[in-house]
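Right, one structure below, let's go through it.
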Amino acid sequence: MNKCPITYEECGNDKYSKKGLLLLSKKLLFLNDFPYTSQDQRDEALNMMSKISIQGVQPKLSVTLDVKNQIFKLTDINGQYILKPQHNYYTELPENEDLTMKMASLINIETPIHGLIYSKDKSLTYFIKRFDRLDKNKKLSVEDFSQLSELTRETKYDYTMEKIVKLIDSYCTFPALEKVKLFRLIIFSYLVGNEDMHLKNFSIINRNSKIELSPAYDLLNTTIILKNPKEEMALSISGKKSNLNYNIFVDYFAYKRLELNTKSVENIFAKIKNSIEEWELLIKKSFLSDKLKNDYLFLLEKRIKKLNL
Numbered sequence: 016m017n018k019c020p021i022t023y024e025e026c027g028n029d030k031y032s033k034k035g036l037l038l039l040s041k042k043l044l045f046l047n048d049f050p051y052t053s054q055d056q057r058d059e060a061l062n063m064m065s066k067i068s069i070q071g072v073q074p075k076l077s078v079t080l081d082v083k084n085q086i087f088k089l090t091d092i093n094g095q096y097i098l099k100p101q102h103n104y105y106t107e108l109p110e111n112e113d114l115t116m117k118m119a120s121l122i123n124i125e126t127p128i129h130g131l132i133y134s135k136d137k138s139l140t141y142f143i144k145r146f147d148r149l150d151k152n153k154k155l156s157v158e159d160f161s162q163l164s165e166l167t168r169e170t171k172y173d174y175t176m177e178k179i180v181k182l183i184d185s186y187c188t189f190p191a192l193e194k195v196k197l198f199r200l201i202i203f204s205y206l207v208g209n210e211d212m213h214l215k216n217f218s219i220i221n222r223n224s225k226i227e228l229s230p231a232y233d234l235l236n237t238t239i240i241l242k243n244p245k246e247e248m249a250l251s252i253s254g255k256k257s258n259l260n261y262n263i264f265v266d267y268f269a270y271k272r273l274e275l276n277t278k279s280v281e282n283i284f285a286k287i288k289n290s291i292e293e294w295e296l297l298i299k300k301s302f303l304s305d306k307l308k309n310d311y312l313f314l315l316e317k318r319i320k321k322l323n324l
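Written as structure tokens, this is what we have:
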């Protein structure tokens with residue numbers, strides 16, 4: 016019995032479930048393997064670096080979905096999706112990111128359509144739909160917080176969460192709403208060991224006549240793949256990047272800096288509490304190896320206890 020890499024549901028002898036294919040297109044009846052090995056994809060990603068607008072540690076490919084031929088195809092322009100192949104050093108990043116993004120969506124963090132697909136060498140590649148593209152001719156305006164703060168890729172860690180709040184106040188149409196989203200994202204990132212939320216992993220988008228935080232992206236549990244991580248957050252809160260606790264997140268950051276009301280904070284924590292069991296089931300159903308599943312579950316349990324959830 017196969018398991019769909021897009022939805023994690025059983026799909027018999029098929030590679031993908033009908034529900035998984037439907038997420039990509041109503042006309043898609045099958046999906047052929049991406050015709051590149053993981054090494055081929057990394058090589059192609061190097062060639063694309065000067066052409067693609069989204070970069071980072073993970074190799075990335077710009078692709079379109081050819082529904083007629085039921086396959087993803089590389090493209091230099093008007094890409095609809097970003098693909099991330101297996102990394103040559105860090106293990107199981109596609110499986111890790113896909114799982115973490117699915118966990119985020121369970122607590123009302125907005126995420127684009129995403130999943131895993133099979134490649135030529137049977138390795139799994141992560142895909143995510145570009146949220147800044149409406150169609151081939153229209154692109155939404157997106158700016159990451161590194162651009163807003165006039166910092167560079169080299170200085171993307173040289174900032175604080177307090178300054179992030181000020182950027183939201185300065186640029187977002189309804190700052191109070193976006194601060195609730197920010198707090199939810201920060202708490203989630205802490206719980207799942209996502210210690211790489213630097214400035215380029217936050218952005219604003221101009222859509223529906225308002226400027227707001229963009230859908231989440233680049234969410235993954237970095238703690239279980241890095242050797243002896245020393246920090247819990249990429250950007251400091253109250254001058255700290257480690258040994259964070261409930262008082263720092265809630266009493267200081269949520270109430271004093273974000274000025275959230277008690278009901279908003281309680282609703283976020285209630286949603287998380289109600290999702291813990293589903294998170295654990297999702298981890299167990301994921302495409303991570305058994306070792307990383309256990310590591311993920313162990314870290315999650317540890318962080319949940321630290322926040323008294």
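First residue of the sequence shown: 16, per the numbering used here; consecutive thereafter.
For every residue, glycine included, the Cβ atom is placed at its ideal position computed from N, Cα and C.
Q | Of the listed residues Ile240, Ser218, Phe189 and Asn289, nearest to Asn209 (C-alpha basis) | A | Looking from the CA of Asn209, the closest CA among Ile240, Ser218, Phe189 and Asn289 belongs to Ile240.
Q. In terms of residues, what are the limits of the alpha helix (DSSP H) holding Thr115?
A. Start and end: Leu108 to Ser120.
**Q.** Same chain only: Cβ atoms within 6 Å of Leu206, ignoring 5 sequence neighbours per side
**A.** Hits under 6 Å: Arg318.
Q) By Cβ distance, which residues of its chain are closer than 7 Å to Met16, with the 5 residues on each side in sequence left out? A) If we look at Met16 and ignore the five residues flanking it on each side, its Cβ neighbours are Glu25 and Gly27.
Q: Out of Gly94, Lys256 and Lys271, state which residue places its alpha-carbon closest to the alpha-carbon of Asp150.
A: Per the Cα distances, Gly94.
(Q) Within a Cβ cutoff of 7 Å, which residues of the same chain sit near Ala269, ignoring the five residues on either side of it in sequence? (A) Phe198, Leu275 and Val280, listed in sequence order.
Q) Once you ignore the five residues that flank Gln70 on each side, which residues in its own chain have a CB closer than 6 Å to its CB? A) Any reading at Gln70 needs caution, since the residue's pLDDT is 49, under 50, leaving its predicted position unreliable; the model's value is listed next. Closer than 6 Å at Cβ, skipping near neighbours: no residue.
(Q) Since Ser134 and Gln56 should fall inside the 8 Å C-beta cutoff, what is the C-beta to C-beta distance between them, to a whole number of angstroms? (A) Ser134 to Gln56, Cβ: 7 Å. Contact.
**Q.** Spatially closest choice to Phe142 from Tyr172, Leu114, Phe217 and Tyr186, by CA coordinates
**A.** Closest by alpha carbon: Leu114.
Q.
Using the three-state DSSP reduction, which class does Asp48 fall into: helix, strand or coil?
A. Three-state DSSP puts Asp48 in coil, outside helix and strand.
Q.
Can you list, in chain order, the residues of its chain with a C-beta nearer than 8 Å to that of Leu139? Leave out the 5 residues immediately preceding and following it.
A. Once the five neighbours on either side are set aside, the close Cβ partners of Leu139 are Pro20, Gln101, Pro109, Glu110, Leu131, Ile132, Tyr133 and Phe302.
(Q) According to DSSP, simplified to helix, strand and coil, what is Ile240? (A) Note: Ile240 maps to coil in three-state DSSP.
**Q.** Proximity to Leu163 [Cα-Cα], best of Ala60, Lys154 and Lys181
**A.** Measuring from the Cα of Leu163, the nearest candidate turns out to be Lys181.
Q: Helix, strand or coil for Tyr261, going by three-state DSSP, please let me know.
A: Here Tyr261 sits in helix by DSSP.
Q) Considering only C-alpha positions, which residue in the set Leu234, Lys271, Asp48 and Gln54 is nearest to Glu177? A) Minimum Cα distance to Glu177 is reached at Lys271.
Q. What are the residues that DSSP puts in a beta bridge with Lys153?
A. The partner list for Lys153 (beta bridge, DSSP) reads Asp150.
Q) Curious, which full-length beta strand (DSSP E) runs of at least 3 residues does the stretch 137-199 contain? A) 139-144, 148-150 and 156-159, all fully within the stretch 137-199.
Q. Counting pairs of Cβ atoms below 8 Å between the stretch 286-299 and the stretch 182-193, do you hit three or more?
A. No: fewer than three Cβ pairs fall under 8 Å.
Q | Touching by the beta-carbon criterion (3+ pairs, under 8 Å), the stretch 121-131 and the stretch 219-233 | A | Contact between the stretch 121-131 and the stretch 219-233 is present: three or more C-beta pairs spanning the two stretches fall below 8 Å.
Q | N- and C-terminal bounds of the beta strand (DSSP E) containing Phe87 | A | Here the beta strand (DSSP E) through Phe87 covers Ile86 to Leu89.
Q) Helix, strand or coil: which one does DSSP assign to Glu226? A) Here residue 226 turns out to be Ile, not Glu, going by the sequence shown. Here Ile226 sits in strand by DSSP.
Q: Give the secondary structure of Gln70 by DSSP, where H, G and I count as helix, E and B as strand, and everything else as coil.
A: Annotation note: pLDDT 49 at Gln70 (below 50); position unreliable, no value reported.
Q: Examine the ligand GDP and report whether any of its heavy atoms sits within less than 7 Å of the Cβ of Leu139.
A: The model on display carries no ligand, and the ligand GDP is accordingly not part of it.
Q: Count the other CB atoms, across all protein chains shown, that sit within 10 Å of the CB of Tyr51; report buried if there are 16 or more and exposed otherwise.
A: The residue in question, Tyr51, is buried, as its Cβ has 16 or more Cβ neighbours within 10 Å.
Q | Whether Phe264 touches Leu324 by CB criterion (8 Å) | A | No.
Q) Whose C-beta lies closer than 6 Å to the C-beta of Gly35 among residues of the same chain, with five residues either side of it excluded? A) Same-chain partners within the cutoff: Cys19, Ile21 and Thr22.
Q.
Strictly by DSSP, which residues pair up with His129?
A. DSSP output for His129 lists Ile143 as bridge partner(s).
Q) Taking Cβ positions, are Lys1 and Lys75 nearer each other than 8 Å? A) With the chain running from 16 to 324 in the structure shown, residue 1 is simply not present.
Q: Flag this pair as yes or no: are the beta carbons of Leu46 and Gln85 separated by less than 8 Å?
A: Yes, these two residues count as a Cβ contact at 8 Å.
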